[in-house]
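Working notes, structure below.
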Amino acid sequence: MANKKHRKKQKRMEILGSPPGTISISVLSPKPVIRVMAYGPDNYAEATLSNLDSVPEYLAKWPVTWINVDGLGDLNTINRLRDLFNLHALALEDVLSLHQRPKLERYNDHVFVVIQMLEPEPPVQNEQLSIFFGEKFVLTLQEHPGDCLDPIRTRIREAGGRLRLMGADYLAYCLMDAVVDSYFPRVDELGDRLEVLEDRVIGRPHPETVAAIHAVKRDLLSIRRVMFPLRETVNAMIRDGGRPITETTRVYLRDCYDHVIHSLDLLENDRESAGGLLEMYLSSVSNRMNEIMKVLTIIATIFIPLTFVVGIYGMNFDPDSSPFNMPELRSYFGYPAIMLIMAGITVGQLYYFWRKGWLTSDRHDGKR
Amino acid sequence: MANKKHRKKQKRMEILGSPPGTISISVLSPKPVIRVMAYGPDNYAEATLSNLDSVPEYLAKWPVTWINVDGLGDLNTINRLRDLFNLHALALEDVLSLHQRPKLERYNDHVFVVIQMLEPEPPVQNEQLSIFFGEKFVLTLQEHPGDCLDPIRTRIREAGGRLRLMGADYLAYCLMDAVVDSYFPRVDELGDRLEVLEDRVIGRPHPETVAAIHAVKRDLLSIRRVMFPLRETVNAMIRDGGRPITETTRVYLRDCYDHVIHSLDLLENDRESAGGLLEMYLSSVSNRMNEIMKVLTIIATIFIPLTFVVGIYGMNFDPDSSPFNMPELRSYFGYPAIMLIMAGITVGQLYYFWRKGWLTSDRHDGKR
Amino acid sequence: MANKKHRKKQKRMEILGSPPGTISISVLSPKPVIRVMAYGPDNYAEATLSNLDSVPEYLAKWPVTWINVDGLGDLNTINRLRDLFNLHALALEDVLSLHQRPKLERYNDHVFVVIQMLEPEPPVQNEQLSIFFGEKFVLTLQEHPGDCLDPIRTRIREAGGRLRLMGADYLAYCLMDAVVDSYFPRVDELGDRLEVLEDRVIGRPHPETVAAIHAVKRDLLSIRRVMFPLRETVNAMIRDGGRPITETTRVYLRDCYDHVIHSLDLLENDRESAGGLLEMYLSSVSNRMNEIMKVLTIIATIFIPLTFVVGIYGMNFDPDSSPFNMPELRSYFGYPAIMLIMAGITVGQLYYFWRKGWLTSDRHDGKR
Amino acid sequence: MANKKHRKKQKRMEILGSPPGTISISVLSPKPVIRVMAYGPDNYAEATLSNLDSVPEYLAKWPVTWINVDGLGDLNTINRLRDLFNLHALALEDVLSLHQRPKLERYNDHVFVVIQMLEPEPPVQNEQLSIFFGEKFVLTLQEHPGDCLDPIRTRIREAGGRLRLMGADYLAYCLMDAVVDSYFPRVDELGDRLEVLEDRVIGRPHPETVAAIHAVKRDLLSIRRVMFPLRETVNAMIRDGGRPITETTRVYLRDCYDHVIHSLDLLENDRESAGGLLEMYLSSVSNRMNEIMKVLTIIATIFIPLTFVVGIYGMNFDPDSSPFNMPELRSYFGYPAIMLIMAGITVGQLYYFWRKGWLTSDRHDGKR
Amino acid sequence: MANKKHRKKQKRMEILGSPPGTISISVLSPKPVIRVMAYGPDNYAEATLSNLDSVPEYLAKWPVTWINVDGLGDLNTINRLRDLFNLHALALEDVLSLHQRPKLERYNDHVFVVIQMLEPEPPVQNEQLSIFFGEKFVLTLQEHPGDCLDPIRTRIREAGGRLRLMGADYLAYCLMDAVVDSYFPRVDELGDRLEVLEDRVIGRPHPETVAAIHAVKRDLLSIRRVMFPLRETVNAMIRDGGRPITETTRVYLRDCYDHVIHSLDLLENDRESAGGLLEMYLSSVSNRMNEIMKVLTIIATIFIPLTFVVGIYGMNFDPDSSPFNMPELRSYFGYPAIMLIMAGITVGQLYYFWRKGWLTSDRHDGKR
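Chains as they are written, first to last, in my numbering: chain A, 33 to 400; chain B, 33 to 400; chain C, 33 to 400; chain D, 33 to 400; chain E, 33 to 400.
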């Protein structure tokens, strides 16, 4: 919890203050690890570099070079990248100030895309993935090692796949598609949590359940907040087209766009379900209250009059003082008569309640 | 229930992971059954094929050939179809990954449409129908045998209908129209379920009723989720036009579009009704609670003071010790007097309740 | 009620099934009655025809001919009309399948408009009016005799009105305007019903009132469902223009459009009012509950402690056995003292309740 | 109230029925009073006319002539105006049928604007102001004398103001701006009423408060209904431009547009506040209920067990018959012991309630 | 509170009444303090001026001159500025009538932007910042001294920053960016307040909490009201471009636009959270009520029947008069038997409640 709060504050603060285009390195950010994968139709090369000196070589030799930088904690590396690929200061500022909205910026010879990856384990957290791509290179930057891009690395290593035949724009598409696909399991998991909560709402409603439903709603909202601009980003890539995005890749991007729309659909569905659960919770609670009131009412309305009756014959009026003073107390059948009268009152009341439908339970659902 | 959960998970998962355009066959998918219907203005042919070898013959000979494939469990058949009709890998991936959003893709010489059929029996489930159509052919693929397209098969067999005179685009329109028409009975059934629930809400509200209303809302939502993009799909066919969709067919598509809009109207209506039912449920429940409280209050407020009075005269103060100690107990008319006083209190309270309007029932509706 | 249910089912079903453009006659539909009105600036003719043979004559002779067909139960008549005016099969299908959404279709030499008339008596029901109009004719078709168009017939009969000077498009406009105007009294009536309900909600809230409010909401929704597409229809006539709609008529159509917008405004207003009424109902009910609880609490909390006190002195501890055993019972002022103590408790409690504000009524509104 | 109802009915009815462009005079409408103000940069003239004969003279002599007609009850005057300024029949129909939506119509040589003025005193009522303006004249028509335009008359009378230098379009703008400005005090007053209601909701919630909040909401809605189309009207004047609206006036109209937007903003704010007040009311009511329940529960749960205990020792089992029959009654410390036990029970219950937090009040707000 | 009310009234009133373009000085407004900063790539000058006489000198000498006026209480200064920079009367009216909606107006040789700064301390209040900028100057006007622009002043003083190299349009952008950035801490603080409230809602719900949530909602709404048009303003600067806004500055404005969007996102998030908190509050309150009812019901339903039983044996029927009159009172095991029976009744009831789940607490959340 504390962690979450900390992150949120950090997010909100870091984009303030300093002049635009300022590149400031967070002390907390890990040192960069640079991984290069370069490939052409026939072969590929892969290396972990300690510095960027050999990158121009890769760029010159291979049709497509993918430089991945994990960790943003070194100013030299960032500056070196800027010079190598001619990156704009504002774009680099966006790379370093994590928690940007997904967006696409087009520069002279390259495209800059920011998207948010969801971390695989339960608390919904996102890690920013910055992608620059041009005619012959893809440069990705992220703060922490570990991502959802390993299947793509595997596909590069495998000979004969389509990926090896295509350009850098197709690789960029693959990266985005992998990120988009990583959203589904999280949306799915939230849907599962809602189903569990539905059972709890019907079975035995707790106020905790409300808090849990709201937690799911908040998570859905968090995911939605990164997916909604992502939709716009992918759409902008399709619509604007132009170098370095080829026509072939645009067809694939359209597919990726469909995936985003699809999982937004699922999200909206889950949000409606969550809203419905809250309504069901409230009606379930008010039903319990009803049930409790009914028991109280039946017991109280049966026994309160009877208690009054026995109270009458507990009065101490002196039968000796007057013939009107409670002669019943000395009558031969007084006690059995009064017991019969009270039995009669009880039967009458039960009949009234039965006709009102109060004696049958409202809670069939507990047994379903 | 378990089945539904399984399907949902499957749906969400299968679109993940593998490289785009990958054609993977589900082991659970049934083997394909290929049915060909070919026709011209004057005659028609119909056959169930074991393989696709004779299809080119049909295509060459007949003005329109409709190949229907039930079951997507054989990779060879899929590949054969790709080569025969020059289908795009991404389109085939969509065919195989069921639960796509309805959409339309335009390729060089054919159009690819995905729509969702609703299965006729109660649990709202959809089965994907993929339609490719070009100048002379319509190719439809679905996972399970059994569909809502039999009336169209009958119309092909009947000589002299309009269908026999028109091209493949008109057949594709007819297929879509048949699917759209299959939505009405389901929407209708949900409307009927809401009417039944309305009676239950007014008569005797149960929390089950809330769950049932939410089930209807969920079903309405499921249908809406496939109809909404369907509207866009049909609209795209009308708007873009162009080969192989002729001007004549576009007029008919406009009619189909009206049907989609109409049933979306009915859906929205039903959704508003469902919302209204929930409100009525809540007010009905709170009314019951009111009723119960009123009975409790009347009984308790009448008898609690009386019980106090009889309690007074049950006290054991010793009249012998003091003339102030409960002389009433020995007075000649003590008992009848106290009974009259209590009767007076009761009448006073009943008059107060009657003036407050608590003695008349709030539940006239039960007798309407 | 049964009638309404029947109609709805019918509506939903009849647009299914058969091939598009199929003209099928309902057995329940009444036989057609054909009424012709033809007019020019100087004179007019009017007749009820048994068949359509003389219609071409009218068309040749008069500047404007209005053929009105009440009852759609005869296939011959329909076919004859199709041939006479060159009507499209899909348009005729729409004419026969009642409950179409209002819409406008443009054909080569005529325009086809479908609108819904509201029947004047209380249950909100609509009857479809299909209007075809060309350069020199207006053809209207409706299922039942009796409509809101009589004022227009009167205006045709009167010499010197603008209507006699204008073309068929102006007559079509007048028909649409008359239908639009027929909506106002119904919207008005619903507004009146809401005002009556408002008084009931404040005075004495019943659950019936909720049902009544929902009934009004449903009626508002029904009217809105036909008015919303009507707005689009009128707007399409204004926007597209072109033969046979003249520039002059378009000015008048803009006025008709304003009327539609205006009554949609009133509708939305009434819908907001209905929503507000429901909120007021709920707060009124919860206020009643409050009131009831307060009475119960005051009575119970006053008498329960007193009953305990009198209970104490009803205990049978034997004063003879011990000097500690209830010596009060034999004290000289025991009884009066205990009565005074109880009076003190009561006054204290009443003071507490008075300070809490529970002794003043919350229901000033009942007396407003 | 009756008045309001009457007006509403009138509003809804008068736009029905008669043929379009019919000019019908309401019998209730007062006779017209015609006021002319004419001005140029250097001087001005002002007169109240009994008829329109001298108007052409004014039009010929002065750069700008403003004819204001209070009262629409004379057909001759209306017809005279039509001929003088070449007004369209539909526009005049709009002038006479009060309660039009604000709108702008452009004719050959003049512009027709309908807007609604709010009357200054509390019940939110609007009076229609119809403005026709051309190159050299402004013609305004309203039903009742008395309006918010006097500041403009004063500005005309004052030499040296900008108004005297500008054309008729600028005067029309000034009139509209004055009307727009007259909305602010009303919106402001509604905001004040909401603040008063907020205090009442927190202090002591009554159901009347709900009715009052709804009354404010309804008034906000009424104002919104005339302001929303007004926004469109002003925007249309800016967007379309063209004679007689000069470029200079359009700059001022943009300012007027900003004012409309601004007061719509305030309106929306007030509507959100009203919604929030209703929520606060409901939570305040449910809190009161809670409080009442708590007192009842504490009193009842403390005394009900005690009453049972004293009831035990009020039983009449005969200690002489058996040593088991209530020997406590004769024990030496029986009475004090039972009193101590009951005190112990009470302390235990109070401790339980204190731990539950039921003994501290929830209503700190009452003292804020 | 009074202060807030005063400000609101002031805001609403001051934009009324006087003719458009009137420049009226509020008596309450402080006298102006004029600060000039002028700079070029190599050096800069800074001065606090008593009048505007030396401003033309600065304008002539320096590439960029920024004149900041704190306090709008002197008509001479305003008029002098108008003449110096050729400002439009309507723009100056907007400068003086505080609480304008953020907006952008384009004049021949300069641009006029109004934005609202949020004051840094808790009550959400905004101060208007009016910015005029042309080719070589930026003129800012605000009512009170003290703003969020000091970081920019520092950046001007520092040699070698980008700001010193760029034109007046870049300075204007920097000012706007600084204002936008000043919104984040306020939105952040509101988010923190919501988190605190969330803990209170779950822990112990008070009606004050509802009022506090509504206060946050109102503050969010206030901020939103100035940010929403701000978004449009920045967007208009990007979209329209043109002198004096250079292409380079537009790139930076896009970044500023992203910041606005981002903090609007956060705002919307907070608003959804606030809505969720209200729901949680209501369910928490109804849960407390449930809990209270349960205790009452358990105590009452256990003891009411027992009290009845002991009441029976408190009746004074005379066993001497008849063998039927309460022989139990004299039986040997009468008293222990009746005590056992009552114990049995209690155990039976407790078992019933335990099975109903009423004996376990619903409030686990208190211990989480």
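Where a beta carbon is used, it is the ideal one built from N, C-alpha and C, also for glycine.
CB residue i to CB residue j, shorter than 8 angstroms?
{"i": "C:V219", "j": "C:D287", "result": "no"}
{"i": "B:Y364", "j": "A:N348", "result": "no"}
{"i": "B:M208", "j": "B:D179", "result": "no"}
{"i": "E:A200", "j": "E:F165", "result": "yes"}
{"i": "E:L252", "j": "E:L299", "result": "yes"}
Quick one: grab the DSSP three-state call for residue i.
{"i": "C:D287", "result": "helix"}
{"i": "C:V68", "result": "strand"}
{"i": "A:L130", "result": "coil"}
{"i": "A:Y345", "result": "coil"}
{"i": "D:W94", "result": "coil"}
Applying a beta-carbon distance threshold of less than 8 angstroms, which residues of chain D neighbour residue i?
{"i": "C:E311", "result": "V242, H246, L310"}
{"i": "E:A332", "result": "A332, T333, I336"}
For residue i, go through chain A and note every residue whose CB falls closer than 8 angstroms to its CB, in chain order.
{"i": "B:I324", "result": "N322, M325, K326, T329, W390"}
{"i": "B:P155", "result": "The premise fails here: B:P155 is roughly 16 angstroms from chain A at the closest Cβ pair, so nothing lies under 8 angstroms."}
Any beta carbon of chain A sitting closer than 8 angstroms to that of residue i?
{"i": "B:L136", "result": "no"}
{"i": "E:N301", "result": "yes"}
{"i": "E:D297", "result": "yes"}
{"i": "B:R114", "result": "no"}
Spell out whether any CB of chain C is found under 8 angstroms from the CB atom of residue i.
{"i": "D:P355", "result": "no"}
May I ask you to list the residues that DSSP assigns as paired with residue i?
{"i": "E:T172", "result": "E:N100, E:I163"}
{"i": "E:E78", "result": "E:M69"}
{"i": "E:V146", "result": "E:K135, E:S162"}
For residue i, go through chain B and note every residue whose CB falls closer than 9 angstroms to its CB, in chain order.
{"i": "C:N348", "result": "N348"}
Is any beta-carbon of chain D found at less than 8 angstroms from that of residue i?
{"i": "E:L122", "result": "yes"}
{"i": "E:L382", "result": "no"}
Residue i CB to nearest chain B CB: under 8 angstroms?
{"i": "A:A403", "result": "Here chain A covers residues 33 to 400 and nothing more, so residue 403 of chain A does not appear."}
Counting only Cβ pairs nearer than 9 angstroms, list the residues of chain E close to residue i.
{"i": "A:V379", "result": "In chain order: nothing, as chain E lies at least about 16 angstroms away."}
Does the beta carbon of residue i sit closer than 8 angstroms to a beta carbon anywhere in chain E?
{"i": "D:E151", "result": "no"}
Taking Cβ-Cβ distances shorter than 7 angstroms, what residues in chain D pair up with residue i?
{"i": "E:T339", "result": "T339, F340, G343"}
In chain E, which residues lie with their C-beta within 8 angstroms of the C-beta of residue i?
{"i": "A:R257", "result": "D297, N301"}
{"i": "A:V317", "result": "S315, S318, N319, N322"}
Using a cut-off of 7 angstroms between C-beta atoms, extract the partners of residue i located in chain E.
{"i": "A:Y215", "result": "What A:Y215 touches in chain E: nothing, since even the nearest Cβ is about 18 angstroms away."}
Could you work out which residues of chain A lie near residue i, taking near to mean beta carbons separated by less than 9 angstroms?
{"i": "E:V228", "result": "In chain order: nothing, as chain A lies at least about 11 angstroms away."}
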